[in-house]
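Scroll down for the structure; my scribbles are underneath it.
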Amino acid sequence: MSDEINDNKTIQAQSSEVMTGGSAGATPDMDYVRPAEIPEQDLYHAHSFITKWVFCQDAKVIGVQYFLLATFTGIVGLILSWLMRLQLGFPGLAGFMTAEHYYQFVTMHGMIMVVYFLTALFLGGFGNYLIPLMVGARDMVFPYVNMLSFWMFFVAVAVLMASFFVPGGPTGAGWTLYPPQTILEGTPGSGMGILLMLISLSLFVIGFTMGGLNYMITVLQARTRGMTLMRMPLTVWGIFTATILAMLAFPALLVSAIMMTLDKVLGTSFFMPTILKAGEVLEYGGGSPILFQHLFWFFGHPEVYIVALPAFGIVSDLISVHARKNIFGYRMMVWAIVGIGALSFFVWAHHMYVSGMNPWFGFFFATTTLIIAVPTAMKVYNWILTLWRGNIRLNTVMLWCLGFIVTFVNGGITGIFLGNVSVDVPLSDTYFVIAHFHMVMGIAPLMVIMGAVYHWFPLVAGRFLDEKLGKWHFWLTFLGAYSIYFPMHYLGFIGVPRRYFEMYDSPYMTSAVGMNEFISTAAFIVGAAQFILIYNIIKTLKTGKAAPKNPWSANSLEWFTSTVPPGHGNFGDRLPVVHRWPYDFSVPGAKDDFIPQTTPPSEVVHTEVEKT
Amino acid sequence: MSDPKIEGYQLKPGFSGMAADTGSDQTMFKGVHWGKAMMWIFLLSDTFVFSCFLISYMKGRGSTPVEWPNPSEVFALNAFGVPVPLLLIAIMTFVLITSSGTMALAVKYGYEKNRKMCGWLVLATAIGGLTFVGMQAFEWSKLIHEGVRPWENPFGAAQFGSFFFMITGFHGTHVSIGVIFLFIYAYKVFAGHYDERKRGWFTSMRGDYVEIEILGLYWHFVDLVWVFIFAFFYLW
Amino acid sequence: MHAGIIFFLVILGSILFHIFTPWYWTDIASNWGGMDDTITLTFWVGGGVFVAVCLFMIYCVFKFSYKENRKAEYKPEDKKLEKILTVATTLGVAALLAPGLIIWNQYVNVPKNAIHIDVMAWQWGWQYRLPGDDGKLGTTSVRNINDNNPFGINLDDPYGSDDILIVSDKINLKNNRPVKILLRSVDVLHNWYVPQFRAKMDAVPGTVTFYWFEPNKVGEYEVLCAEYCGVGHYAMRGMVEVQDENSYEEWRNEQETFESYVAKQKNIELEEKKLAKK
Chain C
55 MSDEINDNKT IQAQSSEVMT GGSAGATPDM DYVRPAEIPE QDLYHAHSFI
105 TKWVFCQDAK VIGVQYFLLA TFTGIVGLIL SWLMRLQLGF PGLAGFMTAE
155 HYYQFVTMHG MIMVVYFLTA LFLGGFGNYL IPLMVGARDM VFPYVNMLSF
205 WMFFVAVAVL MASFFVPGGP TGAGWTLYPP QTILEGTPGS GMGILLMLIS
255 LSLFVIGFTM GGLNYMITVL QARTRGMTLM RMPLTVWGIF TATILAMLAF
305 PALLVSAIMM TLDKVLGTSF FMPTILKAGE VLEYGGGSPI LFQHLFWFFG
355 HPEVYIVALP AFGIVSDLIS VHARKNIFGY RMMVWAIVGI GALSFFVWAH
405 HMYVSGMNPW FGFFFATTTL IIAVPTAMKV YNWILTLWRG NIRLNTVMLW
455 CLGFIVTFVN GGITGIFLGN VSVDVPLSDT YFVIAHFHMV MGIAPLMVIM
505 GAVYHWFPLV AGRFLDEKLG KWHFWLTFLG AYSIYFPMHY LGFIGVPRRY
555 FEMYDSPYMT SAVGMNEFIS TAAFIVGAAQ FILIYNIIKT LKTGKAAPKN
605 PWSANSLEWF TSTVPPGHGN FGDRLPVVHR WPYDFSVPGA KDDFIPQTTP
655 PSEVVHTEVE KT
Chain H
4 MSDPKIEGYQ LKPGFSGMAA DTGSDQTMFK GVHWGKAMMW IFLLSDTFVF
54 SCFLISYMKG RGSTPVEWPN PSEVFALNAF GVPVPLLLIA IMTFVLITSS
104 GTMALAVKYG YEKNRKMCGW LVLATAIGGL TFVGMQAFEW SKLIHEGVRP
154 WENPFGAAQF GSFFFMITGF HGTHVSIGVI FLFIYAYKVF AGHYDERKRG
204 WFTSMRGDYV EIEILGLYWH FVDLVWVFIF AFFYLW
Chain A
3 MHAGIIFFLV ILGSILFHIF TPWYWTDIAS NWGGMDDTIT LTFWVGGGVF
53 VAVCLFMIYC VFKFSYKENR KAEYKPEDKK LEKILTVATT LGVAALLAPG
103 LIIWNQYVNV PKNAIHIDVM AWQWGWQYRL PGDDGKLGTT SVRNINDNNP
153 FGINLDDPYG SDDILIVSDK INLKNNRPVK ILLRSVDVLH NWYVPQFRAK
203 MDAVPGTVTF YWFEPNKVGE YEVLCAEYCG VGHYAMRGMV EVQDENSYEE
253 WRNEQETFES YVAKQKNIEL EEKKLAKK
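Chain order of the listed sequences is C, H and A.
Residues 55 to 666, numbered by my numbering, are exactly what the first sequence covers, in order.
Residues 4 to 239, numbered by my numbering, are exactly what the second sequence covers, in order.
Residues 3 to 280, numbered by my numbering, are exactly what the third sequence covers, in order.
This is the structure we're talking about:
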């Protein structure tokens, strides 16, 4: 015990060394924080209902708007997946299900879930809500542009949904939209459907760029006093890096969408070679279909990490808070996020091993792809090492995190199969691929979203979500989703190709009928289980237990706003001043098992003080 | 401007200074206005857009089975009965580069709070940009008159027309948007919005001469992109 | 506590599923056993890591679940441990990558004695062309395709006239003789894929792509299209029959060459004209 008395003075030094390399220890006054160098933000204070809740400039409201609209598209995507699974598990049961419809559902499900649901939810939803709060800013730096960003997204979603109602229906080209078939007869929705899809994507990119500029500049230029980059919560790191990726990857999508629109409308031949269709040579010629694939995947691969990195960041914070332990290897975690982000621009052609591109590219892209496995594995080790010797609260939030670890490791490892060029040959374009990417970028990020909802709901709404319902929601989702996608890998081993409306009677495919029925049934249950959350939210808003300030005993700034839920301007008269990283949990010698970022070293309450 | 004073913070030169700035709190780019930082990052993103266009163009030009037209013949202009290759384009490029010069001067006078000079120079830049767009419209109509279309052309590979119209059109859109903003800003300068720090029409943020510099960044970028388009389309 | 048990059962169930699964590879019928071996290797290494990580996690859940009076350990980093883990992971990944690259090297280098087969794909079907006695395929163009020239062979190419045309979705292969599949498409992307051969590659309109394999098991196999190509994708099937040398030669001699095909078409046309005259 006497050792600890001597240690009291080193509490701050210990934690600050980790963050800043010991420079804080050198300052004579340990509580010193540099004066403000950015002037107080000039905020527009809304008065009318419309400017307060509709065309709102408050990042928190925009975040909630993004969240709700993305959730709406997500529910549409969910219903589409039910329809697909209905056909795959019980062919012929739904009379209206033609091959055209099936392919339209597949396509819209994929595009909605990847772009309009996950990307919008993580960056638009969590990004808007959490970035200003976590870095200690009053709002995003350009609130007006931020508002435009949401409404651009709204228009993009409206255009996308409109494509369900045009003649010919939405596009059925597969979410990858590979030309030439995308814009030719023989693919459903090759008229208005694909056009609206391309327009909607372009609008999404424009809208996202407006938001992305906000997220980046807020993190780079609008942090509060004492908030260095290496004191930011990993959530902010994840969203920030994902935003950089998006700003550099979406241009490729925009360009390919413009070029394909011209191919469709003006009859240019960017992606269109000479084509013989129904005995006639079309008026196209000289274009390259592979060029589109390169552009698409130059966007498409970073897109995977645009979804994954915010999930990595958020889950790190959730695990740390609920294990009452600092995140293990914070610096490694940050560098892993940055490294994964950088590498993700050099791996895109691993989606194209069997696309007919120059086969020698395979060596390069297989190597870069497997290199990415190393920082990713480090993140996994650090998550489980954070649990090690922690004090784990097994609440709903933690369950979602554990579910994330299981599904993410599972999906990550099947990624090593697919990234390893020659192993990919038999497996690509089979159900193995579907199982892999649903596990790793569908279910795993979804687990994090759910965990985050249960974690931050007390902040957003001031009430706790119901734990019992939450646990039911978790177990149904986790066990259900795992039993959908784990067996599905084995369909891929058999060789069942993806995007098949019907399997006919091939011997090795008929053996899969039973499994398909099982998977479909599980899919119906998992989908239905999501409505537990909606019920839980409605119930909580009405009768939920009121949450006190900082209910989880967390350290990061979003819990230290002047009011709960935080109002416009986030903090009170004075912005918070940051003295430490957000992971000072269970610091030896300190009385509480957490020390908020705003607590200066001199105000840390020590155990011994309490005793005397 | 180039030497912002930050209270309680030592700005160091060179790489170690950059590392120190990155490791510091509050801002990464010391003394850089939010709007300026935003424009830089937007331009980085836009660079990727134009890179994708130009790389696609190189790939398309490299792989088309039909021969690519000879640019010095296609883009020749008849001056006094003699076809002069690249005449129009040389003038267009000159005009655009000159407008970059006037823009730079406008920024300088803006920071000196010289309302009149700044306003006239912004206006001159706008007119330069407008001239460029006008000449581009002339070139387009000349090519269209000669039978060049996005889907075909009489000189060779159809992709020539496709890429030419798409990329110059995309660039021309950038210039046109710039021209619109230049006119608006010229009005705002003359009307004294920046001197009075009047609030913006939509954003309700206080005006400042830094906005001229932000628009200037965009304008120089559009010029720079033109240099690349010029090199890739007309000189290759 | 219950949580840990359920997670443990999930992991246990995964292992048992893998051991007892009735769904696994079709019997391989080509030389690409190396791909299967690499998959197996990746399975053991990756599966091992998966199980280890999850069991460690479950152990933590049991051992360190919340107690009021316990305080978690405060340990921001452990450089040594992180270094060991990084190096170990890198070595593991390299060990998986190496065989993958070696096999890919074989995959892209086609043996000299391979029989070339032109596989032509369209929405939605297949047909095949074999080189004649000169051992070379004639060049083709999409624009040449018509009723008299279903493969679009360039008429002025001397190699083309003795090419063997198989206007059918079924092709025969010689056992234990490598084949180079030359893929082309007249409209959209397709992919000629036989699960038992493990190999696949997209057919891209406007260019010719290739891959090779050596069938080593006599029998009939189904061809699937493995790249989405429009509404008929799922129905775009074909057949392959691997035969021993004698029956293969017999089959090959029965097939028609381009020359005789053209002659026959002309005769049919003449006769049709005669009929019309009558």
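The beta carbon of each residue, even a glycine, is placed where N, CA and C say it ideally should be.
Keep in mind the model is a prediction, meaning the values are calculated, not measured.
* When you compare each of THR211(A), CYS227(A), LYS172(A) and THR209(A) to TYR195(A) by their alpha carbons, which one comes out closest? -> Within the third sequence, numbered from 1, the residue matching residue 195(A) stands at position 193. Minimum Cα distance to TYR195(A) is reached at CYS227(A).
* Asked: When the cut-off is 7 Å and only beta carbons count, does PHE64(A) lie next to chain C?
  -> Along the third sequence, one-based indexing puts residue 64(A) at 62. Not one chain C Cβ lies under 7 Å of PHE64(A).
* To do: Would you mind stating whether HIS196(H) and GLY219(H) have Cβ atoms separated by less than 7 Å?
  => Sequence index remark: in the second sequence, residue 196(H) carries index 193 (1-based). Sequence index remark: in the second sequence, residue 219(H) carries index 216 (1-based). HIS196(H) places its beta carbon 7 Å or farther from that of GLY219(H).
* Asked: How should GLU216(H) be labelled, buried or exposed, when 16 other C-beta atoms within 10 angstroms of its C-beta is the threshold for buried?
  -> On the second sequence, position 213 is the one that residue 216(H) refers to. Buried: at least 16 other Cβ atoms inside 10 Å.
* To which residues of the same chain is THR67(H) closer than 6 Å at the C-beta, ignoring the five residues directly before and after it? -> Translated into positions along the second sequence, residue 67(H) becomes position 64. The residues are ALA160 and GLN162.
* For a contact meaning CB atoms closer than 7 Å, what does LEU302(C) contact in chain H? -> Your numbering for residue 302(C) matches position 248 in the first sequence. Within chain H, the residues near LEU302(C) are SER48 and PHE51.
* Cβ distance (whole Å) where ALA489(C) is taken to contact MET542(C) below 8 Å -> Residue numbering aside, residue 489(C) sits at position 435 when the first sequence is read from its first letter. Residue numbering aside, residue 542(C) sits at position 488 when the first sequence is read from its first letter. ALA489(C) to MET542(C), Cβ: 4 Å. Contact.
* To do: Measure the alpha-carbon distance for VAL72(C) versus PRO78(A) and round it to whole angstroms.
  => Along the first sequence, read from residue 1 onward, the residue named residue 72(C) stands at position 18. Along the third sequence, read from residue 1 onward, the residue named residue 78(A) stands at position 76. Note that VAL72(C) scores 44 on pLDDT, short of 50, meaning its location in the model is unreliable and no value can be drawn from it.
* Note the first and the last residue of the continuous beta strand (DSSP E) segment covering SER187(A). => Along the third sequence, one-based indexing puts residue 187(A) at 185. 181-187 is the span of the beta strand (DSSP E), which, as asked, contains SER187(A).
* To do: Excluding the 5 residues preceding and the 5 following VAL259(C) in the sequence, name in chain order all residues of the same chain whose CB lies nearer than 7 Å to its CB.
  => In the first sequence, residue 259(C) corresponds to position 205, counting from 1. The residues are PHE304, LEU307 and LEU308.
* To do: Quickly, what does DSSP pair MET241(A) with across the bridge? List them, please.
  => Residue 241(A) sits at position 239 when you count from the first residue of the third sequence. Per DSSP, LYS172(A) and GLU224(A).
* To do: Quick one: list the residues of chain C neighbouring ILE9(H), beta-carbon separation under 8 Å, in chain order.
  => Numbered from 1 along the second sequence, position 6 holds the residue referred to as residue 9(H). Ordered by position in chain C, the residues that pass the 8 Å Cβ test against ILE9(H) are GLU91.
* Segment limits, alpha helix (DSSP H) that includes VAL659(C) -> Within the first sequence, the letter at position 605 stands for residue 659(C). Neither: VAL659(C) is in no alpha helix (DSSP H) and is coded neither H nor E.
* Going straight from the alpha carbon of LEU453(C) to that of VAL12(A), what length do you get? -> Along the first sequence, read from residue 1 onward, the residue named residue 453(C) stands at position 399. Along the third sequence, read from residue 1 onward, the residue named residue 12(A) stands at position 10. C-alpha separation (whole angstroms): 14 Å.
* To do: Anything in chain H within Cβ reach of SER342(C), meaning under 8 Å, just list it in chain order.
  => Reading the first sequence from its first residue, position 288 is the one you call residue 342(C). Here the neighbours are LYS62, GLY63 and SER66.
* To do: Please confirm if GLU235(C) has its CB atom under 7 Å from at least one CB of chain A.
  => Here residue 235(C) corresponds to residue number 181 of the first sequence, with the count starting at 1. Residue 235(C) is actually Gln in this sequence, not Glu. For GLN235(C), the answer is yes, since a Cβ of chain A falls inside 7 Å of its Cβ.
* To do: Identify whether LYS525(C) lies in helix, strand or coil by the three-state DSSP scheme.
  => For the purposes of this step, residue 525(C) is identified with residue 471 of the first sequence, where counting begins at 1. Helix.
* **the region 154-162 of chain A in contact with the region 135-144 of chain A per 3-pair CB rule at 8 Å** => yes
* **chain C contact residues for ASP246(A), given Cβ-Cβ distances below 8 Å** => Taking the first residue of the third sequence as 1, we reach residue 246(A) at position 244. What ASP246(A) touches in chain C: nothing, since even the nearest Cβ is about 23 Å away.
* Would you be able to state if there are at least three C-beta pairs under 8 Å between the region 497-507 of chain C and the region 353-369 of chain C? => yes
* Smallest Cα separation from PRO242(C): which of GLY232(A), ARG186(A) and VAL63(A)? -> The count along the first sequence starts at 1 and reaches residue 242(C) at position 188. In this structure, GLY232(A) is the residue among GLY232(A), ARG186(A) and VAL63(A) with its C-alpha nearest to the C-alpha of PRO242(C).
* Inter-stretch contact (C-beta, 8 Å, three-pair minimum) for the region 349-363 of chain C and the region 168-175 of chain C -> yes
* State the CB to CB distance for the pair ASP38(A) and TRP27(A), rounded to an integer number of angstroms; the pair is presumed to be in contact (CB under 8 Å). => Along the third sequence, read from residue 1 onward, the residue named residue 38(A) stands at position 36. Along the third sequence, read from residue 1 onward, the residue named residue 27(A) stands at position 25. With a Cβ gap of about 7 Å, ASP38(A) and TRP27(A) count as contacting.
* **Presumed contact (8 Å Cβ cut-off) between ASP165(A) and ILE173(A), rounded CB distance** => Residue numbering aside, residue 165(A) sits at position 163 when the third sequence is read from its first letter. Residue numbering aside, residue 173(A) sits at position 171 when the third sequence is read from its first letter. About 14 Å separates the two Cβ atoms, so there is no contact after all.
* Residue range of the beta strand (DSSP E) that includes ASN445(C) -> Here residue 445(C) refers to the residue found at position 391 when the first sequence is read from its first residue. Note, ASN445(C): premise wrong, no beta strand (DSSP E); not H, not E.
* Asked: Do SER409(C) and ASP204(A) have their C-beta atoms closer together than 7 Å?
  -> Taking the first sequence and counting its residues from 1, one reaches residue 409(C) at position 355. Taking the third sequence and counting its residues from 1, one reaches residue 204(A) at position 202. Yes. Within cutoff.
* To do: Compute the Euclidean distance between the alpha carbons of GLY137(A) and ILE183(A), then round it to the nearest angstrom.
  => In the third sequence, counting from the first residue as 1, residue 137(A) sits at position 135. In the third sequence, counting from the first residue as 1, residue 183(A) sits at position 181. The alpha-carbon atoms of GLY137(A) and ILE183(A) are separated by roughly 14 Å.
* For chain C, find out if any of its Cβ atoms is closer than 7 Å to the Cβ of ASP28(H); answer yes or no. => Here residue 28(H) corresponds to residue number 25 of the second sequence, with the count starting at 1. Cβ-Cβ to chain C under 7 Å: yes for ASP28(H).
* Asked: Quick one: which chain A residues come within Cβ less than 9 Å of ASN53(C)?
  -> Residue 53(C) is absent from the structure shown; chain C starts at 55 and stops at 666.
* Asked: Among ILE248(C), PRO654(C), LEU231(C) and THR236(C), which one has its Cα closest to the Cα of PRO224(C)?
  -> Your numbering for residue 224(C) matches position 170 in the first sequence. If we check each option's Cα against that of PRO224(C), ILE248(C) comes out closest.
* **Integer Cβ distance of PRO221(C) from GLY190(C), believed to fall under 8 Å** => Translated into positions along the first sequence, residue 221(C) becomes position 167. Translated into positions along the first sequence, residue 190(C) becomes position 136. Actually they are not in contact, since the Cβ atoms of PRO221(C) and GLY190(C) sit about 52 Å apart, beyond 8 Å.
* Asked: Could you give the residue range of the alpha helix (DSSP H) that holds ASN200(C)?
  -> Taking the first sequence and counting its residues from 1, the one referred to as residue 200(C) is at position 146. Segment 197-216, the alpha helix (DSSP H) holding ASN200(C).
* Asked: Can you tell which of LEU587(C), LEU257(C) and ARG88(C) has the C-alpha that lies nearest to the C-alpha of GLU521(C)?
  -> Counted from its first residue, the first sequence places residue 521(C) at position 467. That would be LEU587(C), whose Cα lies nearest to the Cα of GLU521(C).
* **TYR190(H) burial status per 10 Å Cβ neighbour count (16 or more: buried)** => The residue you call residue 190(H) lines up with position 187 of the second sequence. It is exposed - the Cβ of TYR190(H) has fewer than 16 other Cβ atoms within 10 Å.
* **Counterpart residues of THR142(A) in DSSP-defined beta bridges** => Here residue 142(A) corresponds to residue number 140 of the third sequence, with the count starting at 1. DSSP lists ILE155(A) as partners of THR142(A).
* To do: Please determine, among LEU519(C), PHE532(C) and GLY549(C), the residue with the shortest C-alpha to C-alpha distance to GLY598(C).
  => Here residue 598(C) is taken as the residue at index 544 of the first sequence, counted from 1. When each option's Cα is compared against that of GLY598(C), the closest is LEU519(C).
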